[in-house]
Each structure stands twice: as structure tokens, then as C-alpha cells.
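**Q**
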Amino acid sequence: DAGVTQSPTHLIKTRGQQVTLRCSPKSGHDTVSWYQQALGQGPQFIFQYYEEEERQRGNFPDRFSGHQFPNYSSELNVNALLLGDSALYLCASSTTRQASYEQYFGPGTRLTVT
Amino acid sequence: GEDVEQSLFLSVREGDSSVINCTYTDSSSTYLYWYKQEPGAGLQLLTYIFSNMDMKQDQRLTVLLNKKDKHLSLRIADTQTGDSAIYFCAEKGQAAGNKLTFGGGTRVLVKP
Numbered sequence: 001d002a003g004v005t006q007s008p009t010h011l012i013k014t015r016g017q018q019v020t021l022r023c024s025p026k027s028g029h030d031t032v033s034w035y036q037q038a039l040g041q042g043p044q045f046i047f048q049y050y051e052e053e054e055r056q057r058g059n060f061p062d063r064f065s066g067h068q069f070p071n072y073s074s075e076l077n078v079n080a081l082l083l084g085d086s087a088l089y090l091c092a093s094s095t096t097r098q099a100s101y102e103q104y105f106g107p108g109t110r111l112t113v114t
Numbered sequence: 001g002e003d004v005e006q007s008l009f010l011s012v013r014e015g016d017s018s019v020i021n022c023t024y025t026d027s028s029s030t031y032l033y034w035y036k037q038e039p040g041a042g043l044q045l046l047t048y049i050f051s052n053m054d055m056k057q058d059q060r061l062t063v064l065l066n067k068k069d070k071h072l073s074l075r076i077a078d079t080q081t082g083d084s085a086i087y088f089c090a091e092k093g094q095a096a097g098n099k100l101t102f103g104g105g106t107r108v109l110v111k112p
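Going line by line, the protein sequences match chains A and S.
For the first sequence, the positions run 1 to 114 when our numbering is used.
For the second sequence, the positions run 1 to 112 when our numbering is used.
(1) Would you tell me roughly how many angstroms separate the C-alpha atoms of VAL19 of chain S and GLN37 of chain A, rounded to the nearest one?
(2) When the distance is taken between beta carbons, is GLY66 of chain A closer than 7 Å to PHE47 of chain A?
(3) Apart from the five residues just before and just after LYS13 of chain A, which ones in its own chain have a Cβ nearer than 8 Å to its Cβ?
(4) Can you check whether the CB of ASP26 of chain S is closer than 7 Å to the CB of THR79 of chain S?
(5) Quick one: what's got a C-beta closer than 7 Å to SER86 of chain A's C-beta in the same chain, skipping five residues either side?
(6) Taking only three categories from DSSP, how would you classify ASP58 of chain S?
(7) Taking DSSP's pairing of strands, which residues face ALA85 of chain S in a bridge?
(8) Give the DSSP-derived three-state secondary structure of LEU83 of chain A in the structure shown.
(9) Could you run through the stretch 85 to 100 of chain S and flag, in chain order, every residue whose CB is less than 7 Å away from some CB of chain A?
(10) Do ARG60 of chain S and ILE76 of chain S count as a contact pair if the criterion is CB distance below 7 Å?
(11) Under three-state DSSP, which class holds HIS29 of chain A?
(12) Among S:GLY42, S:GLY40 and S:VAL12, which residue has its Cα nearest to the Cα of PRO112 of chain S?
(13) Mark HIS71 of chain S as exposed unless 16 or more other C-beta atoms lie within 10 angstroms of its C-beta, in which case mark it buried.
(14) Name, in chain order, the residues that DSSP records as bridge partners for SER11 of chain S.
(15) Can you pull the DSSP bridge partners for TYR35 of chain A?
(16) Spell out a yes or no on whether the stretch 92 to 111 of chain A and the stretch 55 to 66 of chain A are touching, meaning 3 or more CB-CB pairs, one atom from each, closer than 8 Å.
As C-alpha cells, this is what we get:
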């Protein structure tokens, strides 16, 4: 049973560019959440997708957008990249069939903005 | 709003017990979680506890919850060098929907 997978592993972009990160949830999971983890800090919630809609959003600007596909996989898009967007981007999957809402994380995508 | 605090660093000798502490502010927290992060890796879910429980044991891990004081701890028995990592506590509040709010992490160093 494959766990949560993310691609790419690493990415280097220039200020002002746009980036798309991808996530495939754990088998049987229907909900995908995205988190940003800056160096030396805990993860910060960006948004969560369920049934192809954004269900909840954290305190991130509109430059951060996402999508969920019918197979439950998800993309995170960031426009007009800033130096401060450099971070580890983590995807987590969960299922609404479990009240505990345990979230399982992928290995992350390391984004460097120069 | 929700806030989760952890101490920054813990040093422990191999074979001893480690205790990692966490405090949170959201009184509507329903579940609290402990995650482990090794260098360059994602987060590994270690265990979780429902807010109406005081304690949960899972092999070498014991979670204690004091809901009155909003204090959570993770005890690792017989700590091994492979336990060296950053440990995060996280809470899911009823009012906050399904997002997790994380602490800043505690770096645990296990010395031989």
C-alpha cells in the first residue's frame, strides 16, 4: 500500500515565477491538506480539499491556490513567487470515514526561490 | 485563536526515558497528535489521543493529557539513538475544522 507521494522532491524557482506541486493521497483517503514548513518551524496549514472543493483555508494569500482531481490527487499552485515562499511544502491525506482525522504526510517538496 | 507551544530542545541518554511537553490554548480541541520528523523527511504520525482520554499507551510511547491545564506530554521509554529527531505536537480543534495546528517542534538528541 503506497503512502502519500509528492512530486517533485526539490524545485528551484526565480522570484515572480509560478510553481505547481503535486500530491497523491494514501489509498482509501479522500481528503488532502497542504502545509508550508519554513526552516526551523512547525508546519502551517494552507488549505484542505475534499470532493474537489476547497473546504478550509489558512492565513495564506490568494497567490496560493489548489485543485483536487476526481482520483483525489491534488495540486498546489503558487503564483508570483517571493523569496519568503522558500520552504518545505507538505501534503497530508486523511479520510472522512475516521473521526480521528489522522493525517498522513508525504515526504514534501523543497522549494527554493532565488 | 489556536496556539501550540513546545520546548525547543531535549537531550537524553540512550536507555533513559524522554518526556516531551506541549501546551495548547484551544479549549475545543478534539484530538491531539504527536509526529516525528527526521532530517530531510516528512512527518511520521506516532500516536494520537482523543480529548476525553487521560492516557494512551502504544508500545514504548505513552501520551498523557491534562485537559484542565491544556497540557500534553509524550513519554518515550528506553530511548534509542534512532529516536533522535524533531517531535511535533498538533491539535485539531472542533471550531477550527479539520486543520491541524502544530507547535514549533522539540529537537530530541539521544546520546550514547
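For every residue, glycine included, the Cβ atom is placed at its ideal position computed from N, Cα and C.
These numbers come from a predicted model, not from an experiment.
**A** In brief:
(1) Cα-Cα distance, rounded: 24 Å.
(2) Yes.
(3) Take LYS13 of chain A, set aside five residues on each side of it, and the residues of its chain with a beta-carbon closer than 8 Å to its own are VAL19, LEU81, LEU111, THR112, VAL113 and THR114, in chain order.
(4) Between THR79 of chain S and ASP26 of chain S, the C-beta spacing is not below 7 Å.
(5) These residues qualify, in order along the chain: LEU111, THR112 and VAL113.
(6) It is a strand residue.
(7) DSSP lists S:VAL108 as partners of ALA85 of chain S.
(8) Reduced to three states, the DSSP call for LEU83 of chain A is helix.
(9) Of all residues in the stretch 85 to 100 of chain S, only PHE88, LYS92, GLY97, ASN98, LYS99 and LEU100 come within less than 7 Å of chain A when Cβ atoms are compared, listed by chain position.
(10) Pairing ILE76 of chain S with ARG60 of chain S gives a Cβ-Cβ distance under 7 Å.
(11) Per DSSP, reduced to three states, the secondary structure at HIS29 of chain A is coil, with no helix or strand assignment.
(12) Nearest neighbour of PRO112 of chain S by Cα position, chosen from S:GLY42, S:GLY40 and S:VAL12, turns out to be S:VAL12.
(13) With fewer than 16 other Cβ atoms inside 10 Å of its own Cβ, HIS71 of chain S counts as exposed.
(14) According to DSSP, SER11 of chain S shares a beta bridge with S:LEU109.
(15) Its beta-bridge partners are A:PHE45 and A:LEU90.
(16) Result no; under three Cβ-Cβ pairs closer than 8 Å.
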